[in-house]
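To start, the structure itself, in structure tokens.
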């Protein structure tokens, strides 16, 4: 009886295994039927009926399959797949559409199908997560182990090649994403007129951080944008250093100085020097100066309020700081105060911290103080003094308690708090408007005038407000309101009505001084002083377009700009624009002014060309002018979230890359999934590791060069030190020899004189003795002559010894001079 052969069938589980080449079987094999498998690599079908899984193993072992697999299953092999890009092409997708087939195949390809490789899919996923991490300020270490977590979370949704970690995250940021978005930014800004924003502050790393950003009309976003350009870490922040770094930022970005419209700055004198230096450089380049409409009006308004507080209201600032400090870090005091809040039935809120450098934070803190006033009175004036507990008795003795109690007992203090809140509200409206990140140059003059008129209107007669250009005449007594008619604010008025008449007058006198100080600062520092220039920008408002005077205004505005255009042609275009009945004449409050004008820029004439080319050029430049430095201040907040106290060693290159990425993501609302992953970006990512290694090697070579230079400097220092020691020793030796020579010369001269005197005396005695024929005297004279000759010989020997010493001195001096010359030549 013959045995029956068992037929095998193909199991789905087989396709999930890896073959001996390391590929998942399902990547090249599909189940054709119950007993056979189709190989997409070899384009052939083979049966598993007799050998089961062994048939697959044998097929993989064939040379034909292995050669095909090496080519076709490589992770860089392009293949038709469904793309996932859902983002519209805008903002930073300037140079390319999301990856699509560039094949000339006759087969129609759907718009959501493109050519990609497995490696590209993995890199795409890695780039998206890297951008998400940068936007959300995740650390690089958060990427370690993320692959395993994702594969568990999404078993079939993570590409096999996905391998993001701390190191790869780092070089994707610095070598791929950062440079890519910066390149797109510069391509967009290269032909635009722009304003340069800058400011500096001390960051968490204790460096002076200089941030530079630009404001310009983006042709791709079709609106005015504020973009980070470059950040520098500097030591000192002098005018020369700041100006050099600004010029370096423009040079690094290859932005033409000829298209720089203005510097957006705040008021310190060092920034005025920067303005002067940059202005001179620009004048040499194009022959015209930068437009100067003063420093940041937001800072000026802040400071105007501060000037008012210095006159009246400073006690409110001191009180909110003292109250906050009293409770901050004292849970027991907070718990006791909670009881007081419950007793008087006020909201159980904590106090708000007031930051003295931001004067308008005083408003929020004062509102909380006003809200909690009944609870403060209950706690400080009744509960604590009546308490018998030791802790409360100690609190009574503290300076903070005494100060707060005195403020609460002060009959003026509650009214002063109410007044500061209502005064701050006047200034806050202006600040809330001009901290927006959109062009507002067209309303700047009117808003400053309205703010100044509002402040003046609290203390001056209405007729005075008709002319705000005369600073000194506003505050003479005849122009001021009577003291009893000064406007304090509704809530303040209700409080002071309970005071005595004399106290009311005294309080209102303080209020008058407060508003006069604030108004004086506004009149002296804001663009009111340059109203002849700034008032013409309002011609860009939709409702101003049809006014007859708007033609004169747009011509004057064009003269302020470094544009070479025909004024007559511009006037003709503006007249045609006024006659265009299809345009909206009033602005929508929710619509940006650049969006309104973009609709006009896109109007075409009969031959499909821009209908208003000169107006387009002028208006784009005007809207690129800065109304304040809020955007660069906002940049410090963003960098502060990046350089936290635990990341103080971050390199400026990394910071710049992250700021470039955040700047790009902001155009998409921070949604990384909307960023088009272009072929150019994928290419940058492909080569990021190579660039990273190259940069590391360059840094290593630079470090080695610096180390060699450092060693050379140290060796040179040692040589110089040794040479100096030798020089000092030589000088001492020369001094000793010179002293010895002087002594020898002195003895030589003395001995010579003695010898000469002895010879002279011996000759005289010999002559006398010969005359008198006294033989004893003759012998004595001869003995003296012999002694003198001996002395003379000794003198000669000493003279020779002195000459030897002199030669040594000359030799030492020559060596000393040679060493000095050699040292000087080495330094040179």
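Numbering (our numbering), first residue to last: 103 to 930.
Every residue gets a Cβ at the ideal spot worked out from N, C-alpha and C, and that includes glycine.
Residue i (DSSP reduced to helix, strand or coil)
{"i": "residue 937", "result": "The structure shown does not extend to residue 937, since the chain is modelled only from 103 through 930, so no value can be given for it."}
{"i": "residue 131", "result": "strand"}
{"i": "residue 338", "result": "coil"}
{"i": "residue 237", "result": "helix"}
{"i": "residue 899", "result": "helix"}
{"i": "residue 705", "result": "coil"}
{"i": "residue 488", "result": "helix"}
{"i": "residue 317", "result": "strand"}
{"i": "residue 452", "result": "coil"}
{"i": "residue 675", "result": "helix"}
{"i": "residue 204", "result": "Note that residue 204 scores 34 on pLDDT, short of 50, meaning its location in the model is unreliable and no value can be drawn from it."}
{"i": "residue 126", "result": "strand"}
{"i": "residue 582", "result": "strand"}
{"i": "residue 245", "result": "helix"}
{"i": "residue 590", "result": "coil"}
{"i": "residue 602", "result": "coil"}
Spatially closest choice to residue i from the options, by CA coordinates
{"i": "residue 903", "options": "860, 914, 842 and 871", "result": "842"}
{"i": "residue 137", "options": "124, 594 and 110", "result": "110"}
{"i": "residue 855", "options": "890, 839, 833 and 884", "result": "890"}
{"i": "residue 316", "options": "731, 224 and 594", "result": "731"}
{"i": "residue 540", "options": "329, 334, 739 and 378", "result": "329"}
{"i": "residue 720", "options": "676, 693, 754 and 742", "result": "676"}
{"i": "residue 334", "options": "347, 624 and 752", "result": "347"}
{"i": "residue 697", "options": "722, 266, 832 and 741", "result": "722"}
{"i": "residue 448", "options": "465, 437 and 473", "result": "473"}
{"i": "residue 748", "options": "872, 805 and 241", "result": "241"}
{"i": "residue 727", "options": "763, 882, 745 and 664", "result": "664"}
{"i": "residue 417", "options": "911, 846 and 510", "result": "510"}
{"i": "residue 475", "options": "490, 456, 498 and 512", "result": "512"}
{"i": "residue 484", "options": "465, 468, 467 and 507", "result": "507"}
{"i": "residue 657", "options": "867, 717 and 620", "result": "717"}
{"i": "residue 425", "options": "618, 454, 409 and 341", "result": "454"}
{"i": "residue 362", "options": "319, 176 and 645", "result": "319"}
Buried or exposed (CB count within 10 angstroms, at least 16 for buried), residue i
{"i": "residue 419", "result": "buried"}
{"i": "residue 452", "result": "exposed"}
{"i": "residue 765", "result": "buried"}
{"i": "residue 302", "result": "buried"}
{"i": "residue 557", "result": "buried"}
{"i": "residue 276", "result": "buried"}
{"i": "residue 152", "result": "exposed"}
{"i": "residue 432", "result": "exposed"}
{"i": "residue 113", "result": "exposed"}
{"i": "residue 119", "result": "exposed"}
{"i": "residue 398", "result": "buried"}
{"i": "residue 481", "result": "buried"}
{"i": "residue 877", "result": "exposed"}
{"i": "residue 806", "result": "exposed"}
Bridge partner(s) assigned by DSSP for residue i
{"i": "residue 292", "result": "Residue 292 is not bridged to any residue."}
{"i": "residue 148", "result": "139"}
{"i": "residue 330", "result": "315"}
{"i": "residue 302", "result": "312"}
{"i": "residue 297", "result": "317 and 364"}
{"i": "residue 712", "result": "706"}
{"i": "residue 110", "result": "In the DSSP output, where bridge partners are listed per residue, residue 110 has none listed."}
{"i": "residue 562", "result": "582"}
{"i": "residue 325", "result": "320"}
{"i": "residue 120", "result": "126"}
Residue-chain proximity (residue i, chain C), Cβ-Cβ < 8 Å
{"i": "residue 907", "result": "In the structure shown, chain C cannot be found, because there is only a single protein chain."}
- For the stretch 287-302 and the stretch 256-265, state whether three or more C-beta atom pairs, one from each stretch, are separated by less than 8 Å. Taking 8 Å as the limit for Cβ pairs, the verdict is that the stretch 256-265 does not touch the stretch 287-302.
- Message: Does the stretch 439-450 come into contact with the stretch 404-420, if we say contact requires no fewer than three beta-carbon pairs (one atom in each stretch) closer than 8 Å?
- Response: Here the stretch 439-450 makes no contact with the stretch 404-420; the two share fewer than three CB pairs at distances below 8 Å.
- Would you be able to state if there are at least three C-beta pairs under 8 Å between the stretch 385-394 and the stretch 521-532? These segments do not touch.
- Count the C-beta pairs between the stretch 305-322 and the stretch 260-269 that are closer than 8 Å, then say yes if the count reaches three, no if not. These segments do not touch.
- Contact between the stretch 282-292 and the stretch 808-822 (3+ Cβ pairs under 8 Å): The stretch 282-292 vs the stretch 808-822: no contact.
- Task: Indicate whether the contact test is met: 3 or more Cβ pairs, each with one atom in the stretch 117-131 and one in the stretch 139-155, closer than 8 Å.
- Result: Taking 8 Å as the limit for Cβ pairs, the verdict is that the stretch 139-155 does touch the stretch 117-131.
- When the Cβ atoms of the stretch 265-282 are set against those of the stretch 228-236, are three or more pairs found closer than 8 Å? Here the stretch 265-282 makes contact with the stretch 228-236; the two share three or more CB pairs at distances below 8 Å.
- Query: Can we say the stretch 650-658 touches the stretch 702-712, given the rule of at least three CB pairs closer than 8 Å?
  - Reply: The stretch 650-658, when compared against the stretch 702-712, does not touch it at the 8 Å Cβ threshold.
- Given 8 Å as the limit, is there contact between the stretch 375-385 and the stretch 344-362, that is, 3 or more CB pairs closer than that? Result yes; three or more Cβ-Cβ pairs closer than 8 Å.
- Three CB pairs or more closer than 8 Å across the stretch 871-883 and the stretch 901-916: When C-beta atoms of the stretch 871-883 are compared with those of the stretch 901-916, fewer than three pairs fall below 8 Å, so the two segments do not count as touching.
- Query: Touch check for the stretch 531-550 and the stretch 501-516: three-plus C-beta pairs under 8 Å?
  - Reply: No contact exists between the stretch 531-550 and the stretch 501-516.
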